[in-house]
Amino acid sequence: MWQRRSRWQALQALYRSTASKLECHRARTVNTHLKGDDRGISTMKSTDTHAIHRDEQGLLTIRLTCGKRHNALSKPILQELQDILEQCASSHAPEESSDPVQNGDVRAILLEATGPTFSSGHDFRDFQGASQHEQREVLQICGNVNKLLTRVPQVSVAAVTGNCLAGGAQLAASCDLLLAERESARFCFPGVRLGGFCHTPAVPLVQRVGARKALEMTVLAREIDADEAFRIGLANLVVPRAEWRVTVDEMMAQLVAGFNKSVADGKRTLYAQAAARSLDEKYEIATEAMVDMFSSASFQAGMKKFLSKKKEKGRK
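Residues 1224 to 1539 in my numbering are what the sequence shown lists, from first letter to last.
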């Protein structure tokens, strides 16, 4: 028993050391833009570990705020994320982007964090001394959160500043889009350093970068910067700090303004055809979605308007 406890304490110390070394190495490059609520967002809930906001335009912001604990993803945090994402998943997209935002509507999701670490992943306190049933329960909730980030009709965006490790990198990679701040964002899957392996964090990593690159990153536990994350397909966009807040805000404003049923259907269809095995299946899925789109009243009206304008222009 003593040996088991000593090994666990050693693993915890090594994990904390991994995060701390990365933080110290880049202490001068830490993002400091997110102190307070600088965008007039109405607060839904705020605790000492995270804040959840929804503004009047329908932007849902999930912000991890416990930098002193490396924004570890404890069971209560994961449970709350699961609950709110389930609400997003059950919501209906507006027919038109111009439709008024109803109370409680969510049209885009932003995941961000304060402090030098975006997230170090799971909170080990949820696993140390816990039964397999309890451990599995935490992992299932975490899996649900990551699946929901892909399955919700809204586009989910991870805005990564600082160290993004293990389950934290899993969370970011599960979002539809991933933005990385050039000066501070670092990604690592350090499970093997602790005598283990990043099994569940590797799931979205494989989807992002492919099995061979994911295997390299997990067995070597090598840290990569924002530019390499972009090069291998883990990040969609790398943004310099001087342009960070403006770029994130503009992207989210565009996603909010453009969200409608067509976008929600498009996201769902794209992932469905990407998962299909054969080219025939891919086209079958995409064709049915196109037929539904062309047959809709809103798109029929839009085509009619476009063709009438083109006809009017031709007469001139």
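We put the CB at the ideal spot given by N, CA and C, even for glycine.
| Item | Value |
| --- | --- |
| Pairwise C-alpha distance: K1534 and F1410 | 53 Å |
| Straight-line Cα distance separating G1419 from R1277 | 38 Å |
| G1414 beta carbon less than 8 Å from that of T1441 | yes |
| A1498 classed as buried or exposed, judged by whether at least 16 other C-beta atoms fall within 10 angstroms | exposed |
| Where A1520 falls, given that 16 or more other Cβ within 10 Å makes a residue buried | exposed |
| Distance between beta carbons of N1294 and T1340, contact taken as under 8 Å | 6 Å |
| Backbone CA spacing between Q1393 and V1426 [nearest angstrom] | 8 Å |
| Proximal residues to R1431 (C-beta, below 6 Å), its chain only, five neighbours per side dropped | A1396, G1456 and L1457 |
| Beta-carbon spacing of L1308, L1371 below 8 Å | yes |
| Those residues which DSSP pairs with A1462 across a bridge | At residue 1462 the sequence reads Val, which differs from the Ala that was named. Looking at the DSSP assignment, V1462 forms a beta bridge with E1404. |
| Beta-carbon proximity of M1516 to D1472, cut-off 8 Å | no |
| Three-way DSSP call (helix, strand, coil) for L1257 in this model | Its pLDDT being 35, under 50, L1257 is placed unreliably by the model, and the measurement read from it follows with that caveat. If DSSP states are grouped into helix, strand and coil, L1257 belongs with coil. |
| Complete alpha helix (DSSP H) runs within the segment 1256-1330 (minimum length 4 residues, chain order) | 1298-1312 |
| Same chain only: Cβ atoms within 6 Å of A1382, ignoring 5 sequence neighbours per side | E1335, L1402 and V1471 |
| Own chain residues within Cβ distance below 7 Å of A1449, not counting five before or after | A1403, E1404, R1405, A1408, A1458 and V1461 |
| Contact check, L1304 vs I1285, beta carbons under 8 Å | yes |
| V1469 burial status per 10 Å Cβ neighbour count (16 or more: buried) | exposed |
| Nearest to S1269 (by Cα), restricted to the options G1338, E1279, L1287 and D1346 | L1287 |
| Through-space distance from C1398 to A1353, alpha-carbon basis | 29 Å |
| Boundaries (first-last residue) of the alpha helix (DSSP H) holding V1486 | K1484 to A1498 |
| Helix, strand or coil at R1228 according to DSSP, with G and I counted as helix | For R1228, the predicted model reports a pLDDT of 44, less than 50, meaning its position is unreliable and no value from the coordinates is stated. |
| Paired residues, beta bridge with H1345 - DSSP | L1296 |
| Proximal residues to I1275 (C-beta, below 7 Å), its chain only, five neighbours per side dropped | M1267, K1268, I1285 and I1307 |
| CA-to-CA distance, T1510 to Q1325, given in whole angstroms | 32 Å |
| Identified DSSP bridge partners for T1470 | Answer is none; T1470 lacks a bridge partner. |
| C-alpha gap between D1503 and C1311, whole angstroms | 32 Å |
| Range covered by the alpha helix (DSSP H) that runs through C1365 | Q1355 to R1374 |
| Bridge partners - L1334, DSSP secondary structure assignment | I1285 and A1381 |
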